[in-house]
Amino acid sequence: MKYLTTILLTVGILPLSAQQIVINTEHTALVLRVDKDKRLHQTYLGKRLIHEKEYDMLSNMGEVCIANGNGDYFEPAFHISNNKGNETLVLKYVSHQVKKTEDNNTETVIVLSDEVRQNSVRLFYKTYSKEDVISTYAEIINGEQQPVYLYKYASALLHLNAEAYYLTQFNGDWAAEVGMTESRLGFGKKIIDSNLGTRTNMFASPFFVLSLEKNAEENTGKALIGTLGWTGNFRFTFEVDHENKLRVISGINPYNSKYELKVGETFKTPEFIFTYSERGTGEASRNIHSWARRHRIKDGQGERLTLLNNWEATYFDFNEKKIIALIDEAKTLGLDMFLLDDGWFGNKYPRNNDNAGLGDWQPNKKKLPNGLNALTAATAKKGIKFGLWIEPEMVNPKSELIEQHPDWAIAWNDRTQSYFRNQLVLDMSNPEVQAYVFNIIDGLLTTCPNISYFKWDCNSPMTNVYSAYEQSCQSHLFIDYVKGFYAVLDKLKTKYPHLPMMLCAGGGGRTDYEALRYFTEFWASDNTDPIDRLYIQWGYSYLFPAKTICSHVTAWNKKVDIKFKIDVAMMGKMGFDLNFSTLSKPDAEFCKYAVQTYNGIKDIIFEGNLYRLVSPYNNTHTASMFIDNASKRAVVFAFDIFPRYSKTAPQPLRLQGLQAAKMYRVKEINRYDGKEQKIGTFSGDYLMSIGLQAFTGKRLESHVFYLEE
């Protein structure tokens, strides 16, 4: 090795003073190097090498902590100015340490400092070895004797070097979330960002897939999946330089977010979480899913509740009698919970539509004369749980709350307000508002302790952006709002550690892994059309395990039968949002049967490995498969969407993830006639090489297959 080092020094690859920092998971390595000038560079990101010393032969790819004014000609990760207007920051290596964390993973902490200005940055890299996931964030410390101003403060800067880069982004709108678009990156910058404040993911989701060398494929090729753990404005910058090298900068969106850091203060950026795979996007997704269940989602390895929601059955038009009748239906169906949605509150300004009542969280006496306790008593009598919809960060101009505290809303103070969905956003940067929001939930659970679940909604992005609380620091609002939101959730989680909650924001307007520390699941979209949901749930599956994706059976799309709708919903955390009195008797009976079927297989769906078999984006069919960790049991969902008429039978569906030598009994389950149909016994080799005849030439048909060793 001494001889090899001498050669490398001769050719100038390994500087005499170079120090390597290797950040490993089981199959992936991120390698950093300190050069002779104490600059920190990335030299590698990819498949973990067997011989660690061979990383020494790699060239520098670029600095890890590029700051404004330090001689780099492309997008920096940091831009920090002091009150003298000095905007140059040169960060150099001071020290690093590697330590074991409480969950038996590894964290590397690297300290960098500017020798002139005395500002420091600590870089944190936490590795989840078995899941092949790395999370990274930064802490910026003001060591000057004066305030400094943060204009840009990224969580991560990664360098990549490949012949070609293909970016898959996830964007859309209300009821059209996570539409997938893949494009090849060329010279220059591609930015994906949000500046909506709340409901930040309404147009763009805070995650991406990056494929190297070729278009993204499920089972082959180099793929990186990345996401930011931040329930606020975000930005991903992808910049290809003149040498065809790519840098990816991820973090809080600096738009209108200049942040003053006082003497001695520290600013912590959100986590950037990523996984790298050399076996396609499928493996990368399974890495993230496994990590999320074990290390991030609230009660990630626990149960989830099936439910009946009243929204599409009643909308705002209900009373106690109607709700108790729906509670009876939830019990008859064999569901775990009844969820009361919007419209249950407000007296001076009753919540009979979306124009009034938000902020006044007392039960409406006309609709619910006996309050919420009468409903929780009814659910308890039936042996099921009671859940409640709430939107505590929002307020209607027509409310008692706004009359009492007009300065609590984010609203202009010098011009006419504009409203989104007839509402304003409360100022969560204000500690008084934080206390108010906590007390809403705490008060409900105190006066009505049998509430077992909350659906926490957030329907409006920030409009009329001005904070009476922030006053001279208006550019702090977007960040301090999110910090205030987390402060409330931390307090609630401490007092009610086992309270399940659904993260909702006018559909999928909040889908990030920092919020999911506090929420057990999220509402994927207000669009419950089963055809659209095949695309929406396919998109979310790249980042989120099935148990987090709420999927309800509703009346949307009357051309699709109840079986197809239920089969789609089974691929997530299933619920119902139906008026069962409108269903035919056979359909109602099938719903009961389907709930029993789901209860028998949901452990595979929730805890198993997902294989996306056929994409709806490129085909007239689609299929997905879940298999348990022991490869003993599996569930396959197959859907005929709009196949064209053809005399040629559809090709068999080749399965994945099975053990080739094992034999599997296959049967079709969840059939409308209530009878399971035996298909046959096949080897894993046959099912993966030849396949299963899962598709038909018919439109809007669905089939569910159960495999058992």
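Under the working numbering, think of the first position of the sequence shown as 556, with each following residue one higher. Even glycine gets a Cβ: it sits at the ideal position worked out from N, Cα and C.
Looking only at its chain, what residues have a beta carbon closer than 7 angstroms to the beta carbon of aspartate 669, apart from the 5 residues adjacent to it on each side? Leu644, Val645, Leu646
Identify every run of the beta strand (DSSP E) within the stretch 1010-1093, keeping only runs that are complete inside it and at least 3 residues long; order them along the chain. 1056-1058, 1076-1078
Quick check on isoleucine 1245: buried or exposed, where buried means 16 or more other Cβ atoms within 10 Å of its Cβ? exposed
Would leucine 863 pass as a contact of alanine 885 if the rule is Cβ separation under 8 angstroms? yes
Alpha carbon to alpha carbon, what distance is there between serine 614 and tyrosine 558? Summary for tyrosine 558: the model assigns pLDDT 35, below 50, so the residue's position carries little reliability, and this model does not support an answer.
Please find out if some non-hydrogen atom of the ligand PLP comes closer than 7 angstroms to the beta-carbon of valine 619. Among the components of this structure there are no ligands whatsoever, and the ligand PLP is therefore not found.
Are tyrosine 1261 and phenylalanine 1237 close, meaning C-beta to C-beta below 8 angstroms? no
Is the separation between the beta-carbon of isoleucine 1159 and that of arginine 1188 shorter than 8 angstroms? yes
Every unbroken beta strand (DSSP E) inside the stretch 842-890 [3 residues or more]: 862-864
For the pair the stretch 956-971 and the stretch 1009-1016, tell me if three or more CB-CB distances fall below 8 angstroms. no
What's the call for threonine 1002, buried or exposed, on a 16-neighbour Cβ count within 10 Å? exposed
Give me the residue from Tyr1153, Ala632, Leu923, Glu1076 with the minimum Cα distance to proline 905. Leu923
Going by other Cβ atoms of all chains shown within 10 Å of its Cβ, with 16 needed for buried, is threonine 565 buried or exposed? Confidence at threonine 565 is low in this model, with a pLDDT of 34, below 50, so the placement of that residue should be treated as unreliable; the coordinate-derived value is given next. That one is exposed.
Look at the alpha carbon of threonine 561 and the alpha carbon of methionine 612, and state the distance between them as a whole number of angstroms. Its pLDDT being 35, under 50, threonine 561 is placed unreliably in this model, and the value from its coordinates should be taken loosely. Approximately 12 angstroms between the Cα atoms of the pair.
Any chance the stretch 1106-1120 sits against the stretch 1166-1174, with 3 or more Cβ pairs inside 8 angstroms? no
Would you tell me roughly how many angstroms separate the C-alpha atoms of serine 749 and leucine 1071, rounded to the nearest one? 19 angstroms
Can you list, in chain order, the residues of its chain with a C-beta nearer than 6 angstroms to that of valine 1043? Leave out the 5 residues immediately preceding and following it. Gln989, Val992, Phe993
Residues near serine 1030 in its chain [Cβ-Cβ closer than 8 angstroms; skip 5 each side]: Asn811, Ser812, Lys813, Tyr814
Using only alpha-carbon positions, find the residue among Asp1081, Lys1102, Gly1061, Ala1124 that is nearest to leucine 1089. Ala1124
For the alpha helix (DSSP H) containing lysine 800, list its first residue and its last residue. First-last for lysine 800: 800-807, but that is the beta strand (DSSP E), not the alpha helix (DSSP H).
Candidates Ser1007, Thr1049, Arg976: closest to leucine 913 by CA position: Arg976
Checking 8 angstroms against the spacing of the C-beta atoms, do isoleucine 843 and leucine 1098 come in under that value? yes
Which parts of the stretch 605-642 are runs of the beta strand (DSSP E), unbroken and 3 residues or longer, counting only runs that do not cross its ends? 633-637
Suppose you measure from the CA of glycine 857 to the CA of proline 1100; what does that come to, to the nearest Å? 13 angstroms
Going by other Cβ atoms of all chains shown within 10 Å of its Cβ, with 16 needed for buried, is glycine 1094 buried or exposed? buried
Spatially closest choice to tyrosine 1036 from Thr934, Trp785, Trp899, Phe758, by CA coordinates: Trp785
Residue closest to threonine 861, alpha-carbon to alpha-carbon, out of Ser1007, Lys1050, Lys608: Ser1007
Can you grab the Cα-Cα spacing for the pair isoleucine 1234 / valine 1259, in whole Å? 12 angstroms
Which listed residue (Leu943, Thr934, Glu955) has its alpha carbon closest to that of aspartate 915: Glu955
Under the three-state reduction of DSSP, which class applies to glutamate 1144: helix, strand or coil? helix
Please name the residue in Lys953, Pro952, Leu1054, Ile852 whose C-alpha comes closest to that of lysine 1102. Ile852
With H, G and I counted as helix, E and B as strand and the rest as coil, what does DSSP make of phenylalanine 1192? strand
Length of the line joining the Cα atoms of leucine 722 and phenylalanine 763: 7 angstroms
Among the residues of its own chain, which have a CB less than 8 angstroms from the CB of serine 1186, if the five just before and after it don't count? Gly1212, Leu1213, Gln1214, Lys1217, Gly1239, Glu1264
Buried or exposed for lysine 707, please, with buried defined as at least 16 other CB atoms from any protein chain shown within 10 angstroms of its CB. buried
Identified DSSP bridge partners for glutamate 794: Lys744, Arg802
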